[in-house]
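A.B. asks: In the numbering used here, the protein residues as written are 138 to 293.
1) Return the Cβ separation of residue 213 and residue 242 in integer angstroms, given the expectation that the two are a contact with Cβ distance under 8 Å.
2) Taking 6 Å as the limit between beta carbons, can you name the residues of its chain near residue 270, skipping five residues before and five after?
3) Just reading off the alpha helix (DSSP H) that residue 289 is part of, what are its end residues?
4) Nearest CA to the CA of residue 233: which residue from 203, 224, 222?
5) Exposed or buried, residue 151, counting other C-beta atoms within 10 Å across all chains shown (16 or more means buried)?
6) Return the first residue and the last residue of the beta strand (DSSP E) that residue 217 is part of.
7) Can you tell me whether residue 291 is buried or exposed, with buried defined as 16 or more other CB within 10 angstroms of its CB?
8) Tell me the residue span of the alpha helix (DSSP H) that contains residue 244.
9) Which two residues bound the contiguous alpha helix (DSSP H) that contains residue 185?
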């Protein structure tokens, strides 16, 4: 039985405002934040439709973020994230790498869940496949509509 939904952060929960930017968000944030006039919200935006959708799951499922890097720690977005997610974990903080199946087992243990109770949602197919190797059902995020369909099928 699924009890927990786990989301990657970059390009699932957070997107660059420049839709033509295809690089990683953590290095972009790190580079931009060196400027004294840096405003996080001028460059990044939360996936508000996803966050609204996840409100339906609060109290029914555990909602977590398991990501890499530190962009999720930006003070400008923490209140919105903490209003939805029970916990936000970085692979680096746990001393693991998301490309290693053991990292997902370590994460599951850290939140007191079994892999078979979890669904992991990530935009990177390699991470989705790695989570599957750890025994976690996984969805490759493309759009909110696709997520609703895939998650609906898993949870029904």
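Even for Gly, the Cβ is constructed at its ideal location relative to N, Cα and C.
C.D. replies: Here's the rundown:
1) By 1-based counting over the chain shown, the position of residue 213 is 76. By 1-based counting over the chain shown, the position of residue 242 is 105. At roughly 32 Å, the Cβ-Cβ gap does not stay under 8 Å, so residue 213 and residue 242 are not in contact.
2) Against the chain shown, residue 270 aligns to sequence position 133. Correct list, in chain order: 238.
3) In the chain shown, residue 289 corresponds to position 152, counting from 1. 281-292 is the span of the alpha helix (DSSP H), which, as asked, contains residue 289.
4) To locate residue 233, count along the chain shown from 1; it is residue 96. Nearest C-alpha to residue 233: 203.
5) Counted from its first residue, the chain shown places residue 151 at position 14. Counting Cβ neighbours within 10 Å, residue 151 comes out buried, since at least 16 surround it.
6) For this step, residue 217 is matched to residue 80 along the chain shown. Note, residue 217: premise wrong, no beta strand (DSSP E); alpha helix (DSSP H) at 215-219.
7) Numbered from its first residue, the chain shown carries residue 291 at position 154. Looking at its Cβ environment, which holds fewer than 16 other Cβ atoms inside 10 Å, residue 291 is exposed.
8) Locating residue 244 in the chain shown gives position 107, counting from the first residue. Element bounds for residue 244: 238-247.
9) Numbered from its first residue, the chain shown carries residue 185 at position 48. Where residue 185 is concerned, the enclosing alpha helix (DSSP H) stretches over 185-191.
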